[in-house]
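Novice: Going by our numbering, the first residue of the sequence shown is number 20, and it counts up by one from there.
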Amino acid sequence: MSRGHTDVAEAMRDEACPVTEVLDRVAGKWSIGILTAAAHGPVRFTELERAINGISRRMLTLNLRRLERDGLLVRTVYPTVQPKVEYSLTPMARELHASLIGLVGWAERHRSAVIEARAAYDTVAKQGPDAG
Numbered sequence: 020m021s022r023g024h025t026d027v028a029e030a031m032r033d034e035a036c037p038v039t040e041v042l043d044r045v046a047g048k049w050s051i052g053i054l055t056a057a058a059h060g061p062v063r064f065t066e067l068e069r070a071i072n073g074i075s076r077r078m079l080t081l082n083l084r085r086l087e088r089d090g091l092l093v094r095t096v097y098p099t100v101q102p103k104v105e106y107s108l109t110p111m112a113r114e115l116h117a118s119l120i121g122l123v124g125w126a127e128r129h130r131s132a133v134i135e136a137r138a139a140y141d142t143v144a145k146q147g148p149d150a151g
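Written out as structure tokens, the structure reads:
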């Protein structure tokens with residue numbers, strides 16, 4: 020492999036690494052739901068639990084901690100007799116939420132086209148390798 024090719028491969032890896040790392044964190048199964056639910060203002064644990072279908076308490080707790088560690092959520096504890104805990108988005112997460120809204124809009128606009136493309140692909144694939 021030539022030195023120029025190696026430099027290009029390293030540059031691509033260096034650029035892709037942060038993107039992949041961030042997407043792994045925020046595009047997880049539960050992260051998007053949590054960020055979307057918390058975008059409407061401070062939200063309590065039980066409100067998040069009700070808003071996100073299928074998430075267990077343990078999985079919600081783990082994801083909340085991870086998002087807090089990544090600087091996307093702020094956890095506020097109010098020292099009352101029954102401790103009250105709220106989660107809210109950081110400015111960085113609000114910016115991310117705006118991008119997620121764009122992605123959701125794209126998915127909604129193109130859902131039927133993706134379904135049609137899959138059906139067409141599957142039809143050709145069933146006919147065998149010589150058909151396409």
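All C-beta atoms in this analysis are idealised placements derived from N, C-alpha and C, irrespective of residue type, glycine included.
1) So, under 8 Å CB-CB, serine 107 and valine 96 are touching, yes? Tell me the CB distance rounded to an integer number of Å.
2) Evaluate alanine 112 with the Cβ neighbour count: other Cβ atoms within 10 Å of its Cβ, from every protein chain shown; 16 or more gives buried, anything less gives exposed.
3) Give the DSSP-derived three-state secondary structure of threonine 142 in the structure shown.
4) In this structure, does DSSP put valine 100 in helix, strand or coil?
5) Could you check the C-alpha separation between arginine 85 and arginine 128 for me, to the nearest Å?
6) Can you tell me whether DSSP reads serine 50 as helix, strand or coil?
7) Within this structure, are the beta carbons of glycine 90 and isoleucine 71 separated by less than 8 Å?
8) With a CB to CB cut of under 8 Å and the five nearest residues on each side skipped, what residues in its chain are close to glycine 60?
9) Based on the DSSP secondary-structure assignment, which residues constitute the bridge partners of threonine 65?
10) Can you confirm whether glutamate 68, when its beta carbon is compared against all beta carbons of chain C, has any partner nearer than 8 Å?
11) For a quick check, are the C-beta atoms of leucine 67 and leucine 79 less than 8 Å apart?
12) Within this structure, are the beta carbons of valine 38 and phenylalanine 64 separated by less than 8 Å?
Specialist: To lay it out plainly:
1) In the sequence shown, the residue the question calls residue 107 occupies position 88. In the sequence shown, the residue the question calls residue 96 occupies position 77. With a Cβ gap of about 13 Å, serine 107 and valine 96 do not count as contacting.
2) Here residue 112 refers to the residue found at position 93 of the sequence shown. So alanine 112 counts as buried.
3) Locating residue 142 in the sequence shown gives position 123, where the first residue counts as 1. Threonine 142 carries a helical assignment under DSSP once its states are collapsed to helix, strand and coil.
4) Indexing the sequence shown from 1 puts residue 100 at position 81. Correct three-state label for valine 100: coil.
5) Translated into the one-based positions of the sequence shown, residue 85 becomes position 66. Translated into the one-based positions of the sequence shown, residue 128 becomes position 109. Their backbone Cα atoms lie some 31 Å apart in a straight line.
6) If you number the sequence shown from 1, residue 50 lands on position 31. In the structure shown, the three-state DSSP call for serine 50 is helix.
7) Walking along the sequence shown from the start, residue 90 turns up at place 71. Walking along the sequence shown from the start, residue 71 turns up at place 52. The answer is no: Cβ separation not under 8 Å.
8) Counting from one through the sequence shown, the residue named residue 60 turns up at place 41. The answer, listed in chain order, is Ser107.
9) By one-based count along the sequence shown, residue 65 stands at place 46. Threonine 65 pairs with nothing; no bridge assigned.
10) Chain labels in this structure do not include chain C; a single protein chain is all it has.
11) Working through the sequence shown from its first residue, we reach residue 67 at position 48. Working through the sequence shown from its first residue, we reach residue 79 at position 60. Yes, the Cβ-Cβ distance between leucine 67 and leucine 79 is below 8 Å.
12) Here residue 38 refers to the residue found at position 19 when the sequence shown is read from its first residue. Here residue 64 refers to the residue found at position 45 when the sequence shown is read from its first residue. No, the pair does not count as a contact, with Cβ atoms beyond the cut-off.
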